[in-house]
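Here's the structure we're looking at; comments come further down.
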Amino acid sequence: MSGLPQTADYVRILPELVLSIFGIVVMLLEPLFDERRSQRTLASIALIGSLVAIMASVFQAQNPGFAFWNMVRVDGFSVFFHVLVTTIAAVVILTSYEYMSVQRIRAGEYYGLILFGTVGMCLMSSAVELVLIFIALEISSISTYILAGFRRREAASSEASLKYFLLGSFATAFFLYGVALMFGATGSTNIDKISPALEQSTVPPLAYLAVALMFVGLGFKVASAPFHIWTPDVYEGAPAPIVGFMSTAPKAAAFAVLLRILFEANAPGRFWLIWFSAVLSMCLGNLGALVQTNVKRLLAYSSIAHAGYLLVAFAAAPEVGVSAAMFYTAAYAAMNVGAFAVISHFANAGEKYVTLDDYAGLGRSSPVLAATLTIFLLSLIGIPATGGFFAKFYVFSAALKADLVGLTIIGVINSAVAAYYYLRIIVVMYMRESREEIPVRGIPLGLGTALVVSLAATIYLGVLPGRVLDYALASANQLMQTPASAAAATVNPGR
Amino acid sequence: MNIETLSPFVLSLITFVPAGGALLLVLFPRRDRDIRLFALVVSLLAFILSLHLPAHLVRSQPGFQFEVNSQWITSPNIHYHMGVDGFSLWLVLLTTFLTPLCVLISWRIHDRVKEFFVLLLVLETALIGVFTALDLFLFYFFWEATLIPMALLIGIFGHERRVYAAVKFFLFTMIASVFMLAAILWLYAKVGSFDFVTIQNAIRTGQVSNFAAASLWLFLGFFAAFAVKVPLFPLHTWLPDAHVEAPTAGSVLLAGVLLKMGTYGMLRFNLGLFPEQSRRNAPWIMALALMGIIYGALVAMVQPNLKKLIAYSSISHLGFVVLGIFSFTGAGWDGAMFVMLAHGISTGALFMLAGILHERRHTYAIREFGGLATPMPIYAALFLFMVLSSVGLPLLNGFVGEFLVLSGTFRAHPVYGILGATGVIWSACYLLWMYQRVFFGKVTQEANSTLEDLNLFERAALWPTIVMALLMGVAPLLWLGVIDPAVRNALEPLARVASKMVGQ
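In order, the protein sequence lines correspond to chains A and B. The numbers in the working numbering rise by one with no breaks, and the one at position 491 of the first sequence is 491. Add 1000 to a position in the second sequence, counting from 1, and you land on the number used in the working numbering.
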């Protein structure tokens, strides 16, 4: 395939195009508005952009195949993550409406950066060329580095941004190094070409090192141990809605990349890498969370633990493992974005109220907010009828199917331990009286919509998980097909 | 519309009417009176709907009735499968009967009224679901779902040490049910279905690979969850705390229905799925039950706290149920079921009575009272009635069940029967002695002389329990007529197991 890109090529990056155009529009319009009024207008434009991108992703599903000289592959898998990431962006923008005005942060580029970051994450999930994946990873990372430092008056926020940036650059360098070694080992940077090269009887030793280095880079992005050190500090300092965003969307995208590299390319020597990282993440994450008094830090450790549960699925057999991991990212996104939406509303100006003690008596002062947060926390524990339950259920049953009994037992014990610190928040909210009067504002429309969307998603995944799981299974099967048959199966009639 | 056509939906309706009511209640404006009334109407509606069950049950037909079975989730293979038989039917009715009374007795709650009744109705749905679910997954779902509203009821509306009690309750039962979940998942992995009937048939016909080696662990996995719930000695320590700190309605449902989840689970799942293991393990389980009967009674005797006394008496009474179940006799099982119902009514009523006293004096300490028969004659009369029913006076509900259990146990193990019978004497001791200290003699405390007797709502909550206690004592066949066919039906395959074991 050579020559100029054709219409079909552009259709296959349509969501990315839409997001980029809206992002540029936001940036261009920003100076034209009066500062005070700009906030809502720009947010609305960004919201529309992300909604159009969701529609574009759904539309894309009817047109699967390769684009841009086999660098991008649109399949059920990529569409799943496109929809997930753009939906997260939309919900986060909804949450930010109020947050930005309460925190007195005035900046149009905030919304622009969310959109640009989303472009990178979308591209990560559909790229099959390692160099393109690297570029997409950088687009998404640089946007999140800046977003983490958006509470410019707070030293903690700048610290978060700088820390995230320095360590993140290191991690992406590792990734790039891995890509280079992989090229040396197999002679290609395209996942579909690497895969047959690695299936030969003698795998070049260099490939093991390459996989390990790429895993380090991506492990940093998904905050899995032992590459998790940055997480608590960054989550504590960054603006709350952005924490909701970066604990879910870039993570989902990085997991998508990991799934593609590990499974589609059939990476050698992955098992023990994943096994150790999963066990470490679960144990360190949960132990760390037990002693936290800051809710944002607590959820940071919890997100490390959840990365661990997710990695358990990676150790399992391909098809069930991939589908379980996909389901988990979706369920985790729904409950975590929702939880951070509540936190960002309650935190008030300057994020004053983020400790566990501040949450005392929330059940009385704002029953709706408390009940919503309770449902998200119950889902994080993994109580039946919430998405979190089936997420864990599928992951652990995938692991059991692969006879990973030890890993499953460690996982189950960890999720029992985790119940303690999530429950602590619920107990504090309902069973302790607040010592000082903390003003709780009414819930504005934007935040309300964000909460309803994430609640509905959490409960839908918990009560009727069938459709999402079937879709994930189908796209996992599609992903596992050999590239040749996949290409044949997805021949585009338009070409 | 023909009333018969209701039968396929009636279980779903009974189960979800309270939850639907709770959902509407969430959207209600915060007008406390309307909220209470609405909760009462919803719980009464559920009760009326549940009356359909005994009215249309075909007694001669074995197995489950009013079944619904449809695919819920395809992967894993989970069905929405509900149904009742002679075991679960009356427990559903017990739940729907007690809930309106709980609403009435909670009429005076002023703080966070909306949350209270929402939680109460959600709890009712979960409790009914436990008794009607026939898919193990669905059962586990409802089982866990009872935990959250109950813990919140204790933790928000309870007394001084409520948070401690709520957390203890939650952790005890949650940790124990993880073992049950593990056993359920093992069965699913081998059978490929969560359906109770399918799994039961697979086990009976020996289609489950590796079952012989695993059955002891599976039995213990289920048993752990149920034994904590009952609670069986020595896993009972959460119960007195939870009861003392819980609000009255919470205690009523906790003692009246929640504990029966454990004994119902033993009857349905331990005996239904693992009859052989149940037989093998019966001796030590019966010994624990006996210890529970005697220990519970002795500790109840020395309690200075009225509510704690009733809580320990629950441990003692539930010991009878476990004893009856593991006696493997028809009379024992009939009796166990009957004690469950009778205990639900009389202990529920005793907790209501204790709550009424607490509302007036803000204490449960027995030494604070004395001579209450003078200022509160009606209250004292109703209290005496319930004490006698709990003691097991013939012609009241407590007698029938305990008699059957003891006769069944005596046939199985005479020594256990004799020891168990002492429990009846103990219960007479501690309950009557408590009654004497609280009600007879002179009014010793100034504050007690002006206590107000029962008000309208309290009477409305108590009279139905009195009528029921009498009715169950005079005409137990109304209940046993439904229970007995189910017992025979369940015992028949067990008899075969027994002869097989004897033959070994």
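All residues carry an ideal CB built from backbone N, CA and C; glycine is no exception. Since this is a predicted model, take the numbers as computed values, not measurements.
Rounded straight-line distance, which links the Cα of residue j to that of residue i
i, j, result
"Ala256/A", "Arg1488/B", "57 Å"
"Val83/A", "Ala1311/B", "54 Å"
"Ser50/A", "Ala89/A", "7 Å"
"Ala963/B", "Ser1427/B", "No answer is possible for residue 963/B: it lies beyond the span of chain B, which begins at 1001 and ends at 1504."
"Ala325/A", "Phe393/A", "11 Å"
"Asp420/A", "Leu290/A", "The amino acid occupying residue 420/A in the given sequence is Tyr; Asp does not appear at that position. In a straight line, the C-alpha of Tyr420/A is about 8 Å away from that of Leu290/A."
"Val1058/B", "Leu1123/B", "29 Å"
"Arg12/A", "Phe68/A", "9 Å"
"Ile1156/B", "Leu181/A", "60 Å"
"Arg1367/B", "Asn1305/B", "9 Å"
"Leu1388/B", "Ile1315/B", "18 Å"
"Phe80/A", "Ile21/A", "22 Å"
"Phe1369/B", "Leu1395/B", "30 Å"
"Leu14/A", "Phe59/A", "9 Å"
"Ile24/A", "Gly112/A", "7 Å"
"Phe1028/B", "Ile383/A", "27 Å"
"Ala1460/B", "Ser365/A", "34 Å"
"Ala1019/B", "Thr1248/B", "21 Å"
"Leu469/A", "Ala333/A", "15 Å"
"Thr202/A", "Gly219/A", "27 Å"
"Gly1330/B", "His306/A", "50 Å"
Residue i, buried or exposed, once every other Cβ within 10 Å from all chains shown has been counted against 16
i, result
"Pro250/A", "buried"
"Ile1418/B", "exposed"
"Tyr328/A", "buried"
"Ile1128/B", "buried"
"Arg495/A", "Note that Arg495/A scores a pLDDT of 36, beneath 50, so its modelled location is shaky; the value from the coordinates is reported in the next line. Flag for Arg495/A reads exposed."
"His1362/B", "exposed"
"Asn1201/B", "exposed"
"Ser1449/B", "exposed"
"Pro1231/B", "buried"
"Leu464/A", "exposed"
"Leu166/A", "exposed"
"Gln1207/B", "exposed"
"Glu436/A", "exposed"
"Thr1444/B", "exposed"
"Val1118/B", "buried"
"Ala127/A", "buried"
"Ala160/A", "buried"
"Lys352/A", "exposed"
"Phe1009/B", "exposed"
CB contact flag (residue i, residue j, <7 Å)
i, j, result
"Met480/A", "Glu319/A", "yes"
"Thr86/A", "Ala53/A", "yes"
"Met1468/B", "Leu1309/B", "no"
"Ile242/A", "Leu147/A", "yes"
"Leu378/A", "Thr386/A", "yes"
"Leu19/A", "Val91/A", "no"
"Thr1465/B", "Ala1349/B", "yes"
"Ile1078/B", "Phe1222/B", "no"
"Glu16/A", "Leu130/A", "no"
"Gly269/A", "Tyr208/A", "yes"
"Val395/A", "Val312/A", "yes"
### Query
Hey, is the region 272-282 of chain A in contact with the region 407-424 of chain A, meaning 3+ C-beta pairs nearer than 8 Å?
yes
### Message
Assess contact between the region 1340-1357 of chain B and the region 1269-1279 of chain B, defined as three or more Cβ pairs (one per stretch) separated by less than 8 Å. Is contact present?
### Response
no
#### Entry: Contact the region 1423-1441 of chain B vs the region 1449-1456 of chain B: 3+ CB pairs below 8 Å
no
### Query
Okay, do the region 1100-1107 of chain B and the region 1012-1025 of chain B touch, 3+ Cβ pairs below 8 Å being the bar?
no
#### Entry: chain B contacts made by the region 371-385 of chain A, where a contact means CB separation under 9 Å
Ala371, Thr374, Leu378, Ile383, Pro384, Ala385
### Query
Below 8 Å, can you find three or more Cβ-Cβ pairs linking the region 97-104 of chain A to the region 122-142 of chain A?
no
### Message
Can you pull out the residues from the region 330-352 of chain A whose beta carbon lies closer than 8 Å to at least one beta carbon of chain B?
### Response
none
### Message
Tell me whether the region 1282-1290 of chain B and the region 1188-1199 of chain B touch, counting them as touching only if at least three CB pairs, one residue from each stretch, are closer than 8 Å.
### Response
no
### Query
Given a limit of 8 Å on CB to CB distance, which residues of the region 1073-1106 of chain B reach chain A?
Ile1073, Thr1074, Ser1075, Pro1076
### Query
Got a sec: which bits of the region 465-476 of chain A sit with their beta carbon under 8 Å from any beta carbon on chain B, in order along the chain?
Pro465, Gly466, Leu469, Asp470, Leu473
### Contact set between the region 1186-1200 of chain B and chain A, restricted to residues whose Cβ is under 8 Å from the partner
Ala1189
### Message
Tell me which residues of the region 1141-1159 of chain B have at least one Cβ-Cβ distance to chain A shorter than 8 Å, keeping chain order.
### Response
Phe1141, Glu1144, Ala1145, Ile1148, Leu1152, Gly1155, Ile1156
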